[in-house]
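Participant: Everything in the sequence shown is counted per our numbering, starting at 6 for the first residue and increasing by one.
Below is the structure I would like to discuss, written out as structure tokens.
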Amino acid sequence: MSNISWGLAGIGITFFLHIFFVTVVLGLSVIIPVFEITGYLKRDDGFIRFARRLTSYLIRVDLFAGVLATWLTVFLGAYWPSLVYIATNVLFYPISLAVAGIMIAIVSMAIYWYTWDEMKRVTHIVVGLFMTAGALMVAFGMNSILALMDYPFGVKVITSSGLTFFLSNGLNPLANPIFIPLALYTWFISITLASFIVLTFAFVKLKRDFTDEFHKTLRISRTMALMFSFLSLATIAWTFLEFHSYSQYIYLQMSGRGFLTVSMILAVVVAVISVLSLSEDAGYYAAPAGAVTSYVLLMFFEITSNVSRYPYLIITNSTGIPVSTLVNPLFNIPTIIPIGGMIILVLMLLTFLMTLYIAFFVFPVDRRNKNVA
Numbered sequence: 006m007s008n009i010s011w012g013l014a015g016i017g018i019t020f021f022l023h024i025f026f027v028t029v030v031l032g033l034s035v036i037i038p039v040f041e042i043t044g045y046l047k048r049d050d051g052f053i054r055f056a057r058r059l060t061s062y063l064i065r066v067d068l069f070a071g072v073l074a075t076w077l078t079v080f081l082g083a084y085w086p087s088l089v090y091i092a093t094n095v096l097f098y099p100i101s102l103a104v105a106g107i108m109i110a111i112v113s114m115a116i117y118w119y120t121w122d123e124m125k126r127v128t129h130i131v132v133g134l135f136m137t138a139g140a141l142m143v144a145f146g147m148n149s150i151l152a153l154m155d156y157p158f159g160v161k162v163i164t165s166s167g168l169t170f171f172l173s174n175g176l177n178p179l180a181n182p183i184f185i186p187l188a189l190y191t192w193f194i195s196i197t198l199a200s201f202i203v204l205t206f207a208f209v210k211l212k213r214d215f216t217d218e219f220h221k222t223l224r225i226s227r228t229m230a231l232m233f234s235f236l237s238l239a240t241i242a243w244t245f246l247e248f249h250s251y252s253q254y255i256y257l258q259m260s261g262r263g264f265l266t267v268s269m270i271l272a273v274v275v276a277v278i279s280v281l282s283l284s285e286d287a288g289y290y291a292a293p294a295g296a297v298t299s300y301v302l303l304m305f306f307e308i309t310s311n312v313s314r315y316p317y318l319i320i321t322n323s324t325g326i327p328v329s330t331l332v333n334p335l336f337n338i339p340t341i342i343p344i345g346g347m348i349i350l351v352l353m354l355l356t357f358l359m360t361l362y363i364a365f366f367v368f369p370v371d372r373r374n375k376n377v378a
């Protein structure tokens, strides 16, 4: 395999693993404060206990998401330095927003978890809102890279002496017409997936242990799954419309191969399942079905929209900039290095899944419960 093949394989596998975990982190970062705020307003400790339980899971998932983010950065720096340059130069402001979001999210998440019942409830809720804002900022800023690859708004491409240079043309990359619908879709599908996961968790716990803590949370999880599944449907349709207008190559590839149709069908199915989850009888089965279907939609759209760029990495309407133009030309990385990297990645994933099983089912975390005004 060539540098290009290994580079695409490395960044692809890492990205698709990373995107799932950060999606769950984003969704839980939004949902958890909603439960705590509800518990505070209703003076109901059941919602607060449930939020605390979800936070313990959020912390563990975020740890692995962070490891994969570092892994992804290494692959980008090794194989695609030109793409990294574009991201840090032309996309300086949105990427800076994402980096600021990472710092805010990590710090506030740690404070949020370790200060449960150690500070006043209102103060703790404010910390949780910072955690939410940080997670949203990360997804918002990082989507500017994908939007640029779909439609290089704000980029000036110059070819001289056989070299390709990428410079800013003075336009604000945040005004990229593909950027806003893509970022909103990422937000909404993340919250949808997490809502279905939380709803499934509540149903399973409720079946084993009928307590108010789990029963009362069903309504909020159902409402969020319903609302954000329809928002996901609307924004993915909006994204495809922008592809049609500004990124003809991707649009034709996705529509010609049936990817667009399948994505829309999956989005509609997720919305229908969210309606079925409102039923007391069907809800128990609709919740896991919604989680699986929304995950399939998330990954299917991510994979097909990226695969549809090939053999280009950055699309310019009906053509694009080839992958070979952006791959690192200065050295040939020995094959054993990416193979070793892939093996380590698989071992990390297996270790993480084993850790999750032990943490969630063998030794679940139950924090002390104190009453703090």
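Don't be surprised by glycine CBs; every beta carbon is placed ideally from N, CA and C.
The structure displayed is predicted, hence computed values, not measured ones.
If we ignore side chains and look at the alpha-carbon of each, how far apart do Ala-152 and Thr-240 end up?
Facilitator: The residue labelled residue 152 in the question sits at position 147 within the sequence shown. The residue labelled residue 240 in the question sits at position 235 within the sequence shown. Going by the C-alpha atoms only, they are around 14 Å apart.
Participant: Cα separation between Tyr-251 and Leu-355?
Facilitator: As a first step, residue 251 must be located in the sequence shown, where it is residue number 246. As a first step, residue 355 must be located in the sequence shown, where it is residue number 350. Computed Cα separation, rounded: 41 Å.
Participant: On the three-state DSSP scale, how would you describe Lys-161?
Facilitator: Walking along the sequence shown from the start, residue 161 turns up at place 156. Strand, per DSSP.
Participant: Is Gly-44 buried or exposed, if buried means 16 or more other CB atoms sit within 10 Å of its CB?
Facilitator: Looking up residue 44 in the sequence shown gives position 39. With 16 or more other Cβ atoms within 10 Å, it is buried.
Participant: Measure the C-alpha to C-alpha separation of Ser-329 and Phe-55 and round it to an integer number of angstroms.
Facilitator: Locating residue 329 in the sequence shown gives position 324, where the first residue counts as 1. Locating residue 55 in the sequence shown gives position 50, where the first residue counts as 1. Between Ser-329 and Phe-55, the C-alpha separation is close to 50 Å.
Participant: Determine contact between the segment 186–201 and the segment 283–298, defined as no fewer than three beta-carbon pairs at a distance below 8 Å.
Facilitator: Touching, yes.
Participant: According to DSSP, which residues form a beta bridge with Tyr-317?
Facilitator: Numbered from its first residue, the sequence shown carries residue 317 at position 312. Answer is Pro-327.
Participant: Check the DSSP bridge columns for Leu-172 and list the partner residues they point to.
Facilitator: Indexing the sequence shown from 1 puts residue 172 at position 167. DSSP, once it has assigned bridges, lists Lys-161 as partnering Leu-172.
Participant: With DSSP run on the structure shown, which of helix, strand or coil describes Arg-227?
Facilitator: Along the sequence shown, one-based indexing puts residue 227 at 222. Three-state DSSP puts Arg-227 in a helix.
Participant: I need the boundaries of the alpha helix (DSSP H) containing Glu-307, first residue and last residue.
Facilitator: For the purposes of this step, residue 307 is identified with residue 302 of the sequence shown, where counting begins at 1. Start and end: 288–312.
Participant: Find the nearest neighbour of Tyr-98 within the set Ser-113, Ala-180 and Val-112, judged by alpha-carbon distance.
Facilitator: Looking up residue 98 in the sequence shown gives position 93. Closest option to Tyr-98, Cα to Cα, is Ala-180.
Participant: Sorted by chain position, which residues of the same chain lie with C-beta nearer than 8 Å to Leu-283's C-beta, five sequence neighbours on each side aside?
Facilitator: Taking the sequence shown and counting its residues from 1, one reaches residue 283 at position 278. The residues are Arg-227 and Leu-231.
Participant: Can the beta-carbon of Ile-37 be found less than 7 Å from the beta-carbon of Thr-60?
Facilitator: The sequence position of residue 37 within the sequence shown is 32, counting from 1. The sequence position of residue 60 within the sequence shown is 55, counting from 1. Yes, these two residues count as a Cβ contact at 7 Å.
Participant: Is it the case that the segment 145–160 contacts the segment 248–268, given that we only count it when at least three CB pairs across the two stretches are under 8 Å?
Facilitator: The segment 248–268 is in contact with the segment 145–160.
Participant: Assign Asp-286 to one of two classes, buried (16 or more other C-beta atoms within 10 Å of its C-beta) or exposed (fewer than that).
Facilitator: For the purposes of this step, residue 286 is identified with residue 281 of the sequence shown, where counting begins at 1. Label assigned to Asp-286: exposed.
Participant: When you compare the CB positions of Ile-270 and Ala-291, do they come within less than 7 Å of one another, or not?
Facilitator: Against the sequence shown, residue 270 aligns to sequence position 265. Against the sequence shown, residue 291 aligns to sequence position 286. No, they are not a contact pair.
Participant: Restricting to Cα atoms, I'd like to know which of Tyr-289, Ile-326, Ser-173 and Leu-189 is closest to Gly-146.
Facilitator: One-based indexing of the sequence shown puts residue 146 at position 141. The candidate whose alpha carbon is nearest that of Gly-146 is Leu-189.
Participant: Under DSSP, the alpha helix (DSSP H) around Arg-48 begins and ends at which residues?
Facilitator: On the sequence shown, position 43 is the one that residue 48 refers to. That residue, Arg-48, is in no alpha helix (DSSP H); it is neither H nor E in DSSP.
Participant: Quick one, which of Ile-349, Leu-331, Ile-363 and Leu-352 has its alpha-carbon nearest Tyr-84's?
Facilitator: For the purposes of this step, residue 84 is taken as the residue at position 79 of the sequence shown. Here the closest residue by C-alpha is Leu-331.
Participant: Excluding the 5 residues flanking Leu-134 on each side, which residues of the same chain have their C-beta closer than 7 Å to its C-beta?
Facilitator: Translated into positions along the sequence shown, residue 134 becomes position 129. Pro-38, listed in sequence order.
Participant: Check Tyr-156 in the structure and name its three-state DSSP category.
Facilitator: Counted from its first residue, the sequence shown places residue 156 at position 151. If DSSP states are grouped into helix, strand and coil, Tyr-156 belongs with coil.
Participant: How about Val-143 and Gly-106: do their beta carbons lie closer than 7 Å?
Facilitator: Walking along the sequence shown from the start, residue 143 turns up at place 138. Walking along the sequence shown from the start, residue 106 turns up at place 101. Yes, they are a contact pair.
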